[in-house]
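In terms of UniProt numbering, the sequence shown opens at residue 1 and continues consecutively.
Don't be surprised by glycine CBs; every beta carbon is placed ideally from N, CA and C.
This one's a predicted model, so the numbers in the text were calculated from it and none came from an experiment.
What follows is a short report on a single structure.
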Amino acid sequence: MVKKTHLFRQGYKIPWTLAIIAAALASAKRPHFTVEPPARVLWPATRGAHALCRATGHPTPDVNWVTADGQILTTIPGLRHVLNDGRLVVGARRSVVDAGGGGSSAILRCKASNKAGTTLSRPMLLQPVEDNVLSHSVRQLTPAKVGGSVVLRCEISPQIGLVDIRWIQDGLTLSTSYIGGDSRWISGAGGFLLGVDLTQADIQAEYSCIALDTPSPIVKLTTDDSSWLENNEINSVEARTGDTVILPCIMRHVNGHTITWQRQEASGVWIAHTPGEGIVKGGALILPNIRPHHALRYACSTGTESSTRLLVRLIVTEPLTVTVTPNPMMLGTGGSGVFNCSVQGGRGGGVTLSWQHEGRPLHAPQSRLSLGPVRSHHAGLYQCTAYDHIDSAVSGAELVIADRPPRLISTFSEAVTRIGQSVVLRCAANGIPPPRILWTLDNRPLPSAPDKYSVNTRAESLPNGEEGAIVSTLSVTIRTADEGGRYGCNATNSGGSHAHHARLNIFGPPNIRYLPPIHVKTNTDVVLNCPYSGYPIKEVIWRREDGSAIDSSLESTEDIGILRLPSVRSTDAGSYTCEVRAESGELARRTVRLEVHKPPKIMPFHFPEELEVGGSTQATCSLVSGDKPILFSWHKDNLPIPSVLKVKEVL
């Protein structure tokens with residue numbers, strides 16, 4: 001007999017979704033930037049600008065320049081060129097404005113993507129400036145003499161900030177370094193150049209400096225002390241962590257006196273300079289590889305009582321850096337966690353934070369990013385971007401959804417006790433997410449009896465180094481022999497389960513708890529457990545409905561009382577009786593009914609390939625075979641059909 005139930009749908013088009021799950025290649029490697037764009041690129045009115053970024057990974061990543069909102073930049077002939085090698089070339093700003101392309105500031109960054117994921121570079125500010133911002137000049141701060149010293153400074157616009165400067169002597173790059181204090185030419189932060197032990201060739205040479213690929217006009221050194229202006233005094237020098245710093249002592253009429261240096265400690269006390277903090281050459285104090293603790297006030301003098309003391313403040317700035325922790329963060333499905341973004345350094349003030357997940361912006365402007373409950377699509381790279389209008393930095397950390405099935409790392413053994421005593425059973429398990437441990441008695445949940453059972457579960461570190469273990473203890477107060485049986489602890493999480501069982505034997509007569517009827521489908525493996533108590537027990541036997549004993553081969557003593565029936569058929573249905581005989585001869589029996597049902601089989605149904613909005617259709621669920629009773633239910637996308645869809649079911 002065929003039974004049917006119908007499903008009608010009116011006024012809606014029925015959508016169908018095909019989900020395809022693809023496994024990532026084991027050899028895939030997330031993109032990593034080997035060259036990042038600078039934090040800021042100046043864009044003059046009559047000149048273009050350019051920047052470069054490059055990334056590696058496997059497979060080779062696609063590298064694109066994107067805007068702050070994620071739009072990919074493309075080439076616009078004559079105005080903007082995005083090259084295959086990762087370079088971005090922007091035409092002269094005036095030409096871009098005349099062409100209607102806009103000439104305002106913009107925040108750009110690189111995006112590298114492959115099958116392993118997406119990584120963003122730090123942001124780059126494309127800042128419009130006037131042409132005169134890139135006009136540099138060289139100023140001589142002290143007169144030059146053969147055998148003496150000279151201090152030059154490359155003066156650049158404050159809008160440029162701290163940049164690397166290259167010095168040119170007679171058209172060739174001047175070798176400037178600080179290696180053990182042996183170099184005759186030393187360049188320092190703030191555009192300073194110190195020359196010592198000058199030769200006649202040095203005096204007659206021409207000098208210029210280059211900043212941002214722009215050279216200054218050429219100058220020649222002067223030896224005329226009378227032309228040396230008093231306004232050459234330097235009040236402060238700004239440098240970056242790791243720079244070499246030259247603090248010049250610009251004093252007139254030294255008359256051969258030795259220049260000495262002092263520094264003012266945080267306490268306000270002035271102490272003499274020590275050789276371990278740099279050297280004095282040509283009257284200038286040279287501090288290599290400076291750190292934040294060098295940011296003090298320094299003073300130079302000739303050492304005489306009537307000498308004037310000149311003060312200069314050293315300002316040390318640290319680069320903006322970002323760190324995201326933990327990295328990686330491993331969570332199980334449904335777990336929760338927090339990424340922390342810590343920011344150090346910077347000189348622009350007012351740091352702005354933003355978060356991105358696989359290159360997509362997140363609405364989380366705080367230093368803490370809370371996640372959870374997580375699912376598989378939450379996995380990937382989370383990046384924190386910091387920007388202070390002058391500098392920028394980005395760092396990231398991976399969220400790994402690493403479901404790991406539970407593993408019991410500590411269990412209990414079979415025990416024998418008497419009425420009136422108490423027993424503590426203990427299980428410990430780990431896994432991702434942390435497992436839940438449930439206790440059973442003869443494969444059933446423990447009865448609610450606070451006077452008999454007490455469960456305490458906690459997380460702790462075990463002596464063997466197992467971290468994050470969940471430890472559960474079951475305290476059993478023995479009031480009767482019926483508290484005996486096969487106790488179990490079952491650790492479960494989204495990745496699976498792991499169970500352990502052992503008997504708690506209590507001296508007393510045999511007894512078997514109630515066994516409810518069992519209903520299974522054909523070809524199902526059935527396990528019958530005889531829930532007996534009492535001790536000592538001589539034997540446990542299972543019998544068929546006709547009274548014949550069933551030969552049950554035991555794999556271990558833990559299998560006593562367990563009957564396994566593989567792939568049952570209709571002929572296996574019937575009554576099964578468990579007999580428990582004590583050493584004293586006392587006998588207990590309990591019968592259980594096993595019902596084997598043929599599962600339902602449904603005829604496939606189909607919807608028309610094309611449906612019109614506002615039309616209707618129907619589907620029929622036809623039962624071909626199966627044992628009664630049978631209940632019908634309809635689902636859409638594995639979920640109950642919501643009432644808003646106006647679906648009618650007719651039996």
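Query                                                                                                                                                                                        : Result
Taking the continuous alpha helix (DSSP H) assigned at I203, which residues delimit it?                                                                                                      : Q200 to Q204
Apart from the five residues just before and just after V169, which ones in its own chain have a Cβ nearer than 7 Å to its Cβ?                                                               : Reading off the sequence shown, one finds Gln at residue 169, where the question assumed Val. Closer than 7 Å at the Cβ level, and outside the excluded window around Q169, lie A205 and Y207.
With a threshold of 7 Å (Cβ to nearest heavy atom), would G574 be considered close to the ligand FAD?                                                                                        : This structure does not include the ligand FAD; it has no bound ligands of any sort.
At the level of alpha carbons, what is the spacing between A23 and N84?                                                                                                                      : Residue placement at A23 is flagged as unreliable, the pLDDT there being 34, under the threshold of 50; a coordinate-derived value is accordingly withheld.
Would you grab the beta carbon distance between C384 and L310 for me? Rounded to a whole angstrom, and I think it's under 8 Å.                                                               : Rounded, the Cβ-Cβ distance is 44 Å, inconsistent with contact.
In chain order, what residues of the same chain lie with their CB nearer than 6 Å to the CB of T352, ignoring the 5 residues before and after it?                                            : Y387
Buried or exposed: residue 652, going by 16 or more other Cβ atoms within 10 Å of its Cβ?                                                                                                    : The requested residue 652 is not part of the displayed model; the chain covers only 1 to 651.
Going by DSSP, what residues sit across from F33 in a beta bridge?                                                                                                                           : A55
On the DSSP bridge assignment, give the partners of L504 in chain order.                                                                                                                     : A415 and G485
If distances are taken between C-alpha atoms only, which option among H32, V596 and D546 comes closest to A569?                                                                              : Checking the sequence, you will find Arg at residue 569 rather than Ala. Taking only the C-alpha atoms, the option nearest R569 is V596.
Taking three-plus beta-carbon pairs below 8 Å as touching, is the segment 405 to 417 in contact with the segment 484 to 492?                                                                 : yes
Are the segment 259 to 269 and the segment 280 to 297 touching, with three or more C-beta to C-beta distances below 8 Å?                                                                     : yes
In whole angstroms, give me the CA-to-CA distance for G91 and R166.                                                                                                                          : 25 Å
Going by the beta-carbon positions, is the gap between T241 and E318 smaller than 8 Å?                                                                                                       : yes
Any idea if N289 is buried or exposed, counting beta-carbon neighbours within 10 angstroms, 16 or more meaning buried?                                                                       : exposed
Output yes or no for whether 8 Å exceeds the beta carbon distance between N443 and N523.                                                                                                     : no
Excluding the 5 residues preceding and the 5 following V400 in the sequence, name in chain order all residues of the same chain whose CB lies nearer than 6 Å to its CB.                     : P328 and M330
Residues in its own chain within less than 7 Å of H136 by CB, not counting five upstream and five downstream?                                                                                : C154, E155, I156, C209, A211, T214 and S216
Which same chain residues, not among the five before or five after I641, have their C-beta less than 6 Å away from its C-beta?                                                               : W634 and V647
Counting pairs of beta carbons, one from the segment 449 to 457 and one from the segment 501 to 511, are three or more of them closer than 8 Å?                                              : no
Which word fits G332, buried or exposed, when buried means at least 16 other C-beta atoms lie within 10 angstroms of its C-beta?                                                             : buried
Which first and last residues belong to the beta strand (DSSP E) in which L280 is found?                                                                                                     : Here residue 280 turns out to be Val, not Leu, going by the sequence shown. Counting along the chain, the beta strand (DSSP E) containing V280 begins and ends at I279 to K281.
Would A393 be called buried (16 or more neighbouring beta carbons within 10 Å of its own) or exposed?                                                                                        : buried
Output the distance between the C-alpha atoms of Q356 and H363, rounded to the nearest integer angstrom.                                                                                     : 9 Å
Measure the CB-CB distance between V66 and I72 and report whether it falls below 8 Å.                                                                                                        : yes
Anyone know if the C-beta pair for C578 and V540 falls short of 8 Å?                                                                                                                         : yes
Are G188 and T244 close, meaning C-beta to C-beta below 8 Å?                                                                                                                                 : yes
Just confirm the distance between the C-beta atoms of G495 and G431, as a whole number of angstroms; I'd bet it's less than 8 Å.                                                             : 6 Å
Starting from the C-beta of T173, find all residues in its chain whose C-beta is less than 8 Å away, skip the five residues before and the five after it, and write them out in chain order. : R166 and W167
Quick check on this structure: which residue in L563, K538 and G372 has the alpha carbon closest to the alpha carbon of A549?                                                                : L563
What residues in its chain sit with their C-beta under 6 Å from that of R404, if we drop five residues either side in the sequence?                                                          : G431, I432 and G495
Quick check: the Cα distance between I470 and R513, rounded to an integer number of angstroms?                                                                                               : 31 Å
If we call anything under 8 Å between Cβ atoms a contact, is D164 one with P44?                                                                                                              : no
Provide the residue span of the beta strand (DSSP E) that contains G188, from first to last.                                                                                                 : W185 to G188
Over the uninterrupted beta strand (DSSP E) stretch that includes N114, give me the two end residues.                                                                                        : A106 to N114
Could you tell me which residues DSSP puts in a beta bridge with S370?                                                                                                                       : V338
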